[in-house]
Amino acid sequence: EAAEVVQRLLEEGKSLRDSREHLRQRLSSSVDTLKNKQATISTLEKNLGRVEDQLRVLKRFTESLQEQHRSLEDEANHLRSSYTDLKRSIQTFASDIASSKVDVLALDAKLFKKGYLMEVAPEVLLEQYNDKMLPCVEVEKAQKGRKMWQHKHDKLEKQLAEKTLEAKKLKDELNDRNRRIVQLRVTLSSRKSQEEELRLLRNKIRDLGEQIAELEKER
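In the UniProt record's numbering, the protein residues as written are 1 to 219.
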């Protein structure tokens, strides 16, 4: 019976040694894995710092773009208002010109018929006339004014088109920046998930160490 007890104790001792060796191997493997994870975490933390810096820079740049976009929209609204006022002024000016048109030939014929006009010699027509005597001076002024308003109108239209295009480009760039910010946030979320997995692995390794300590104590 003593021999059987000794044999059983020897078998139990061998089983405990095997279990201990197995746990040591698992612990060694877990430690190696932990070292790799720690190295990965160190790299991730460095990358995370760079990403956070980039995110802050992008955020400031986005705020600047938004401010520029608002400024361009205000300027575009001002140009639209100026364009509307100019168009209304041109329409009023054109209406005034249209309402002041006079059939000069018909008027001259009536005046000549009533004796208020006379034929003028050709050489007299070549002489210099006083501007006040020439009704065409007012017509020239009207034409110059119309050209001036038309030039201003075309200039405002060109500025409005340029500002609209610039605002569109700025809006596209702002949308692209927002997409990049969203991608960075997704990357940060993924790295936080990896950190949580590493924390769970550390807890598991600690539990294995406690189990080994208990087995050694029982042995």
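Every residue, glycine too, gets a C-beta built ideally from N, C-alpha and C.
Coil, strand or helix - residue i by DSSP
{"i": "E1", "result": "coil"}
Whole-Å CB distance - residue i paired with residue j, under 8 Å assumed
{"i": "R26", "j": "L208", "result": "6 Å"}
{"i": "T62", "j": "R177", "result": "5 Å"}
Buried or exposed by the 16-neighbour rule on C-beta atoms within 10 Å, applied to residue i
{"i": "K204", "result": "exposed"}
{"i": "K37", "result": "buried"}
{"i": "L10", "result": "exposed"}
{"i": "L165", "result": "exposed"}
{"i": "L200", "result": "exposed"}
Cβ-heavy atom distance, residue i to the ligand HEM, below 7 Å
{"i": "R60", "result": "By its list of ligands, the structure shown contains no ligand whatsoever, and the ligand HEM lies outside what it can speak to."}
Beta-carbon spacing of residue i, residue j below 8 Å
{"i": "A76", "j": "A161", "result": "no"}
{"i": "L34", "j": "R202", "result": "yes"}
{"i": "residue 231", "j": "L44", "result": "Here the chain comprises residues numbered 1 to 219, so residue 231 is not present and cannot be evaluated."}
{"i": "L86", "j": "K152", "result": "yes"}
Pair every Cβ in the region 163-171 with every Cβ in the region 65-75, then say whether three or more of these pairs are closer than 8 Å.
Between the region 163-171 and the region 65-75 there are three or more inter-stretch CB-CB distances shorter than 8 Å, so the stretches are counted as touching.
If you pair each beta-carbon of the region 47-65 with each one of the region 187-201, do three or more pairs fall below 8 Å?
Contact holds: three or more Cβ-Cβ distances are below 8 Å.
Quick one: any contact between the region 175-185 and the region 77-86, if contact means 3 or more CB pairs under 8 Å?
Judged by pairs of C-beta atoms under 8 Å, the region 175-185 does not touch the region 77-86, as fewer than three such pairs exist.
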